[in-house]
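Novice: Sharing a structure below in structure tokens format, with a few things to ask.
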Amino acid sequence: MAALISTTSTTLLQHNHHTVCFSPLKTTTPYTIFLSTNRFKSNYINSIKCNAFLDNNIIPKELLLELDYTLVKFQSVTEDLSGLQKWGFLAFAGLAWIYLTARPGVLVGAIDAYLMAPIQMVLDSLFGRRSLKGSDFVIGDKLGEGSFGVVYSGVLVPRNVNSAEEKIQKSGNKIKGKVLTKLDPKAKDKVILKKVKVGIEGAKEFGEYEEWFNYRLSRAAPETCAKFLGSFVADKTNSLFTKGGKWLVWKFEGGRSLADYITDRNFPSNLESVMFRRALQGIDSSKRDALIIKQIMRQMVTSLKKIHDTGIVHRDIKPANLVVTKQGQIKLIDFGSATDLRIGKNYVPIFNPLDPDYCPPELYVLPEETTSLPPEPIAAFLSPILWQLKSPDLFDMYSAGIILLQMAIPTLRSASALKNFNLELRNCGYNLKKWRGFTRGRFDFQILDEDSGRGWDLATKLISKRNSPASGRLSAAAALRHPYFLLGGDQAAVVLSKLSFSTR
Ligand SMILES: Nc1ncnc2c1ncn2[C@@H]1O[C@H](COP(=O)(O)OP(=O)(O)O)[C@@H](O)[C@H]1O
Ligand SMILES: [Mg+2]
Numbered sequence: 043m044a045a046l047i048s049t050t051s052t053t054l055l056q057h058n059h060h061t062v063c064f065s066p067l068k069t070t071t072p073y074t075i076f077l078s079t080n081r082f083k084s085n086y087i088n089s090i091k092c093n094a095f096l097d098n099n100i101i102p103k104e105l106l107l108e109l110d111y112t113l114v115k116f117q118s119v120t121e122d123l124s125g126l127q128k129w130g131f132l133a134f135a136g137l138a139w140i141y142l143t144a145r146p147g148v149l150v151g152a153i154d155a156y157l158m159a160p161i162q163m164v165l166d167s168l169f170g171r172r173s174l175k176g177s178d179f180v181i182g183d184k185l186g187e188g189s190f191g192v193v194y195s196g197v198l199v200p201r202n203v204n205s206a207e208e209k210i211q212k213s214g215n216k217i218k219g220k221v222l223t224k225l226d227p228k229a230k231d232k233v234i235l236k237k238v239k240v241g242i243e244g245a246k247e248f249g250e251y252e253e254w255f256n257y258r259l260s261r262a263a264p265e266t267c268a269k270f271l272g273s274f275v276a277d278k279t280n281s282l283f284t285k286g287g288k289w290l291v292w293k294f295e296g297g298r299s300l301a302d303y304i305t306d307r308n309f310p311s312n313l314e315s316v317m318f319r320r321a322l323q324g325i326d327s328s329k330r331d332a333l334i335i336k337q338i339m340r341q342m343v344t345s346l347k348k349i350h351d352t353g354i355v356h357r358d359i360k361p362a363n364l365v366v367t368k369q370g371q372i373k374l375i376d377f378g379s380a381t382d383l384r385i386g387k388n389y390v391p392i393f394n395p396l397d398p399d400y401c402p403p404e405l406y407v408l409p410e411e412t413t414s415l416p417p418e419p420i421a422a423f424l425s426p427i428l429w430q431l432k433s434p435d436l437f438d439m440y441s442a443g444i445i446l447l448q449m450a451i452p453t454l455r456s457a458s459a460l461k462n463f464n465l466e467l468r469n470c471g472y473n474l475k476k477w478r479g480f481t482r483g484r485f486d487f488q489i490l491d492e493d494s495g496r497g498w499d500l501a502t503k504l505i506s507k508r509n510s511p512a513s514g515r516l517s518a519a520a521a522l523r524h525p526y527f528l529l530g531g532d533q534a535a536v537v538l539s540k541l542s543f544s545t546r
């Protein structure tokens, strides 16, 4: 601890009518503070005995020591300043604090990047979490393929298992001859593996960004996304692996994405027991559907608020990138296209083919003329101004609006209908009210029109041109304050379902 203190100074603290006296000359208290000084050079150590009439039950020792330390430091720094200069200093410190803690949080970001990330790395290494190998997994079905990666299901197997057959057996799976058939859905330690493509331009960077964002979110907002288990680089080439190719690994969070549920004929009833753990009784079917959709929206927007608070914009929000867990949680996945405006990470979007059905009209998180951000520390310093002026987080909120519309209007749930809707919306200048005027009863707006049309109102405030004066797209925080959520009955249903579970 580097601090400055005068051996003759006495600090008085008034707190809860208790006067606390710190004096270096008295030796009657049990507290001893060791402070090294800058002014007297750091090898000068003062041992200061605190004489304090303390009521330990009222004022915690740690708080007193902390207060004393801060006051003494402040005193020593401002000792030579005039009264006016002291106020100036205070005002500057206050403003600096406000700026550094304003969204997206330069201070917290710096602490995360320079302190938490290295600590996480050391802890992960100590517990062996950064030493995954290809041989730790049995790889199963291919689940999907994007431009830069191929996604597989898989199972993590214990290290002490050697042969392939043994691995498959220990992982709880059946084998036919020596070939792995299907992974047992009940197998423990199920994982999702993403093989980053080798030799495709931009794929390597994409994999690195996805890994970076997953580590970052595992510290900043772990509940919002799939649990990231780490990565490994293949050390040999065979039918599956390419030597030097990177693989990313997550916990398997659930067998179906929101897209799988939405395209099912029974949506949204197919999520009723998942979201509320029981059938909602005594409510008519349209209201029930509206509550299920509202709960999904609430979870998604809450997660978006959390990631936006950390400076991250996902940029690929769509039902296929929302995994529904067995416990009814909606987890964000696929952060390969994400960008962190605070530090200028993955800003330039040239490699990222965003999904046009969910992408806002502006296409970019910042105006197109902003081709690159300044180097990381400068970008970090400027980021509060950038967020204030450009609101890059609103990019994801447009996608959230499209998801709301798609869930609530049954005939928009298919991919082809959504494409058609997007064409019509573009022709209406991204004005949703205008589009509705043109639909002439082709669509069923009943769910959105429930409760005096609060859902419809929210949709019009999400699906709009960014900063359009007429509607002004809502941020995640503002959306959560919208009457649609504030006066929603979905939370009550969740609480009731939990209560009925715990009393069973
Ligand atoms: N952690 C996970 N748990 C369960 N399913 C997942 C998980 N991660 C991905 N998936 C499934 O794999 C699909 C593709 O994964 P994603 O990361 O979106 O890759 P892509 O880049 O191909 O879109 C998802 O739509 C989802 O169905
Ligand atoms: Mg995806």
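Each number in the working numbering corresponds to the 1-based position in the sequence shown with 42 added. Glycine included, each C-beta is placed from N, C-alpha and C at the ideal position.
1. Taking C-alpha atoms, which residue in S328, Q488, T305, F377 lies nearest to A190?
2. Taking DSSP as the reference, what is the three-state secondary structure of R258?
3. By Cβ distance, which residues of its chain are closer than 6 angstroms to Y526, with the 5 residues on each side in sequence left out?
4. In or out: Q337 buried (at least 16 other Cβ within 10 Å) or exposed?
5. Is D302 near ligand 2, in the sense that its beta carbon is under 7 angstroms from a heavy atom of that ligand?
6. Using the rule of at least 16 other Cβ atoms within 10 Å of the residue's Cβ for burial, across every protein chain shown, is Q341 buried or exposed?
7. Kindly identify the DSSP beta-bridge partner or partners of W289.
8. Would you report the Cα separation of P402 and Y257, rounded to the nearest angstrom?
9. Going by Cα to Cα distance, which pick from K503, D493, L428, S433 is closest to L447?
10. Which one or two residues does DSSP pair with F179 in a beta bridge?
11. Express the C-alpha separation of L198 and K237 in angstroms, rounding to a whole number.
12. Going by C-alpha distance, which of L431, I427, K347, A520 is nearest Y141?
13. From S195 to L282, what distance separates their C-alpha atoms?
14. Nearest CA to the CA of K184: which residue from V193, S177, D178?
15. Could you pull out every residue in the same chain whose Cβ sits closer than 6 angstroms to the Cβ of P146, ignoring the five residues on either side in sequence?
16. Opposite L364 in the DSSP bridges: which residues?
17. Okay, do the region 284-300 and the region 364-383 touch, 3+ Cβ pairs below 8 angstroms being the bar?
18. Compute the beta-carbon to beta-carbon distance between W477 and E466, rounded to the nearest angstrom, for a pair I have assumed lies under 8 angstroms.
19. Look at the Cβ atom of A321, then the Cβ atom of I489, and state whether they are nearer than 8 angstroms.
20. Can you grab the Cα-Cα spacing for the pair D435 / S124, in whole Å?
21. Alpha helix (DSSP H) containing E314: first to last residue?
22. Would you mind sorting D122 into buried or exposed? The rule is 16 or more other CB atoms within 10 Å of its CB.
23. If I'm right that I444 touches Y472 with Cβ under 8 angstroms, what's the distance once you round it to whole angstroms?
24. Per DSSP, T112 forms a beta bridge with which residues?
25. Straight-line CA distance for L516 to S506?
26. Which residues in the same chain as D231 place their Cβ atom closer than 7 angstroms to its Cβ, once the five residues preceding and following it in sequence are excluded?
27. Relative to the alpha-carbon of G188, which residue among D166, L165, G182, F248 has its alpha-carbon at the smallest distance?
28. Cutting at 6 angstroms between CB atoms, please list the residues of its own chain near R508, excluding the five before and the five after it.
29. In its own chain, which residues sit with a C-beta less than 7 angstroms from the C-beta of F255, not counting the 5 before and 5 after it?
30. So, is G151 buried or exposed, given that buried needs 16 or more other C-beta atoms within 10 angstroms?
31. Compute the Euclidean distance between the alpha carbons of M317 and I334, then round it to the nearest angstrom.
32. So, helix, strand or coil for R298, using DSSP?
33. Which one of K360, E418, C470, T143 has the shortest CA to CA distance from M439?
34. Helix, strand or coil for D435, going by three-state DSSP, please let me know.
35. List the DSSP bridge partners of D382.
36. Please report the residue range of the alpha helix (DSSP H) in which F283 lies.
Specialist: This is what the structure gives:
1. With the sequence shown as reference, residue 190 is identified as Phe, and Ala is not the correct amino acid for it. Nearest option by C-alpha distance: F377.
2. Here R258 carries a helix assignment [DSSP, helix/strand/coil].
3. Excluding sequence positions up to five before and after Y526, its CB lies within less than 6 angstroms of the CB of R496, G497, L500, all in the same chain and listed in chain order.
4. That one is buried.
5. Flag unset: Cβ of D302 not near ligand 2.
6. By the neighbour-count definition (other C-beta atoms within 10 Å, threshold 16), Q341 is a buried residue.
7. According to DSSP, which records beta bridges pairwise, W289 is partnered with K237, F274.
8. Their backbone Cα atoms lie some 27 angstroms apart in a straight line.
9. Out of K503, D493, L428, S433, the CA that lies nearest to the CA of L447 is found in K503.
10. Per DSSP, L198.
11. Answer to the nearest angstrom: the Cα atoms are 15 angstroms apart.
12. Among L431, I427, K347, A520, the Cα nearest to that of Y141 is on I427.
13. The alpha-carbon atoms of S195 and L282 are separated by roughly 13 angstroms.
14. Closest by C-alpha distance to K184, out of V193, S177, D178, is V193.
15. Within the same chain, G353, R384, S425, W429 come within 6 angstroms of P146 by CB-CB distance, once the 5 residues on both sides are set aside.
16. Looking at the DSSP output, L364 bridges to L374.
17. With a cut-off of 8 angstroms, the region 364-383 and the region 284-300 count as touching, because enough Cβ pairs lie within range.
18. About 6 angstroms; that satisfies the 8 angstroms criterion.
19. Taking 8 angstroms as the cut-off, the beta carbon of A321 is found no closer than this to the beta carbon of I489.
20. Distance between the alpha carbons of D435 and S124: 44 angstroms.
21. Note, E314: alpha helix (DSSP H), 314-318.
22. Per the 10 Å Cβ criterion, exposed.
23. In this structure I444 does not touch Y472 by the C-beta definition: roughly 11 angstroms separates them, more than the 8 angstroms allowed.
24. Partner(s): none; T112 has no beta bridge.
25. Cα-Cα distance, rounded: 9 angstroms.
26. Only V197, L198 meet the Cβ criterion.
27. The alpha carbon of G188 has as its nearest neighbour, out of D166, L165, G182, F248, the alpha carbon of F248.
28. Taking R508 as the centre and dropping the five residues before and after it, the same chain places the C-beta of E404, L436, R515 closer than 6 angstroms to its C-beta, in chain order.
29. So the qualifying residues of the chain are I354, F377, A380.
30. With a threshold of 16 other beta carbon atoms within 10 Å, G151 meets it and is buried.
31. Near 7 angstroms, if we compare the C-alpha coordinates of I334 and M317.
32. Under the three-state reduction of DSSP output, R298 falls in the strand class.
33. When each option's Cα is compared against that of M439, the closest is K360.
34. Coil.
35. BP columns for D382 point to I354, K387.
36. Per DSSP, F283 lies in no alpha helix (DSSP H) and is assigned neither H nor E.
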